[in-house]
Amino acid sequence: MKRTTYQPLILAGLICLVIGSSQTALARKGMPKHVIVIGFDGLSAKSITNGAKMPNLHKLMDEGSYTLQQRSILPSSSACNWASMFMGAGPELHGFTDWGTQTPQVEPRELNHYRNFPGIFGLYRDKAPSAEIGYIYEWGGMRYLADTLAISYCKNATLLQQENSCLNSAIKYIREKKPNLCAIIFDEPDHTGHSRGWESEEYMTKMQQLDSYLGKMVEAIKEAGIMNETVIMVVADHGGINKGHGGKTMNEMQTPLVFYGKGIKKGYRITQSTMVYDVAATIAYMLKVKQPQVWIARPITSIFK
1 MKRTTYQPLI LAGLICLVIG SSQTALARKG MPKHVIVIGF DGLSAKSITN GAKMPNLHKL
61 MDEGSYTLQQ RSILPSSSAC NWASMFMGAG PELHGFTDWG TQTPQVEPRE LNHYRNFPGI
121 FGLYRDKAPS AEIGYIYEWG GMRYLADTLA ISYCKNATLL QQENSCLNSA IKYIREKKPN
181 LCAIIFDEPD HTGHSRGWES EEYMTKMQQL DSYLGKMVEA IKEAGIMNET VIMVVADHGG
241 INKGHGGKTM NEMQTPLVFY GKGIKKGYRI TQSTMVYDVA ATIAYMLKVK QPQVWIARPI
301 TSIFK
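305 is the number that full-length UniProt numbering gives the last residue of the sequence shown; the numbers go up by one with no jumps.
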């Protein structure tokens, strides 16, 4: 008698499990083959709402999905936030606690076989050994925040080199190598914010210049013939106020987060709460990388069609 009673319940449970698995599989279809992350250090959300002239960024926002309320972890400074963005967790777990941290100041909760806290570059390399992975940056401190041994092409295009070195390196790399995953991180408008002030005339002019860089990188992706299989992400680590950052104001903590490309909803404004470490989870979701238990990040799934 009991057997007859429970059999329908077991069958119903199995059906739900199959349906749930099928829905998950369908949700992961149509994901991009290429993810290009373009980062601008110190790009504040407030400067965008206050009229910064960035037509290329606005085009990606209008034809993609975005939020201007992405929050940094605290402190609202560089190394700890870039680390969180790539490592899917906060400083309490990965150990990078300050603006210029080069080695963890808090013991990491977990280490991978690269001897780092698990990050998206190493996780993707383990999943796709033959993938082309790029990492191009201006600020030297970025070197310590990624699994460089997992990266195919790693270049520190410092500000001391010729102007536009980072941009030119990125364009050449995208055209020639068609990376599956690439992060290109500029060290501006942070420098201008510190020297002239966030939202100063000089800061707004620098944002306009960076927007032109964004447009050129989009063109490079098109010229590489991979645009139809690419998602472009525009990210930032923190904003600023007056001539500094690191504090708890929304000007310092809120940054833009923009998604554009294959499978991304058009004209969609993200209303859910998002944190800087959710970037890693969303990249992992798109590239079908299993998220490690030690991450606290959540993929932003509402942006997908």
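Idealized CB from N, CA, C, for every residue including glycine.
Just the C-alpha distance for residue i and residue j, rounded to the nearest angstrom, thanks.
{"i": "H34", "j": "K206", "result": "28 Å"}
{"i": "P104", "j": "M217", "result": "33 Å"}
{"i": "Q209", "j": "I48", "result": "14 Å"}
{"i": "Q254", "j": "P179", "result": "29 Å"}
{"i": "T24", "j": "I296", "result": "Bear in mind that the predicted position of T24 carries a pLDDT of just 43, short of 50, making it unreliable; the figure below should be weighed with that in mind. Cα to Cα, T24 sits roughly 20 Å from I296."}
{"i": "K172", "j": "G39", "result": "17 Å"}
{"i": "I151", "j": "A220", "result": "21 Å"}
{"i": "D211", "j": "L167", "result": "12 Å"}
{"i": "M286", "j": "P32", "result": "6 Å"}
{"i": "W82", "j": "M54", "result": "23 Å"}
{"i": "Y203", "j": "D278", "result": "27 Å"}
{"i": "N116", "j": "S169", "result": "26 Å"}
{"i": "L26", "j": "L60", "result": "With a pLDDT of only 41 at L26, under 50, the local geometry of the prediction cannot be trusted, and the value read off the model is given with reservation. Roughly 26 Å between the two C-alpha positions."}
{"i": "G247", "j": "T67", "result": "21 Å"}
{"i": "K177", "j": "I226", "result": "11 Å"}
Check this for me: beta carbons of residue i and residue j, under 8 Å apart or not?
{"i": "L43", "j": "A236", "result": "yes"}
{"i": "F186", "j": "D41", "result": "yes"}
{"i": "T274", "j": "I300", "result": "yes"}
{"i": "C154", "j": "Y124", "result": "no"}
{"i": "V234", "j": "I264", "result": "no"}
{"i": "S76", "j": "H194", "result": "no"}
{"i": "V289", "j": "S84", "result": "no"}
{"i": "P118", "j": "P292", "result": "yes"}
{"i": "V37", "j": "A157", "result": "no"}
{"i": "I133", "j": "A280", "result": "no"}
{"i": "G95", "j": "V106", "result": "yes"}
Determine the burial state of residue i: buried for a count of at least 16 other Cβ atoms within 10 Å of its Cβ, exposed for fewer.
{"i": "H238", "result": "buried"}
{"i": "D62", "result": "exposed"}
{"i": "T97", "result": "buried"}
{"i": "K46", "result": "buried"}
{"i": "Q70", "result": "buried"}
{"i": "L111", "result": "exposed"}
{"i": "F304", "result": "buried"}
{"i": "E138", "result": "buried"}
{"i": "S21", "result": "Annotation note: pLDDT 41 at S21 (below 50); position unreliable, coordinate value reported separately. S21 should be labelled exposed."}
{"i": "K201", "result": "Note that residue 201 corresponds to Glu in the displayed sequence, not to Lys. Its Cβ having fewer than 16 others within 10 Å, E201 is exposed."}
Cα-Cα, which of the options is closest to residue i?
{"i": "S78", "options": "G122, I171 and G141", "result": "G141"}
{"i": "Y114", "options": "L149, Y153 and T97", "result": "L149"}
{"i": "K262", "options": "H58, S65 and A52", "result": "S65"}
{"i": "P108", "options": "E138, G90 and H58", "result": "G90"}
{"i": "M87", "options": "V294, K222 and K127", "result": "V294"}
{"i": "K266", "options": "E199, S302, P256 and T249", "result": "S302"}
{"i": "G197", "options": "K243, E188, Y268 and D190", "result": "K243"}
How close, in whole Å, do the beta carbons of residue i and residue j come, if the pair is a contact with beta carbons under 8 Å?
{"i": "R175", "j": "A224", "result": "5 Å"}
{"i": "G240", "j": "N251", "result": "7 Å"}
{"i": "N56", "j": "L214", "result": "5 Å"}
{"i": "residue 312", "j": "A131", "result": "Nothing about residue 312 can be read from this structure; the chain reaches only from 1 to 305."}
Taking only heavy atoms of the ligand COA into account, decide whether any of them is closer than 7 Å to the Cβ of residue i.
{"i": "P104", "result": "Of ligands this structure carries none, so the ligand COA is not represented either."}
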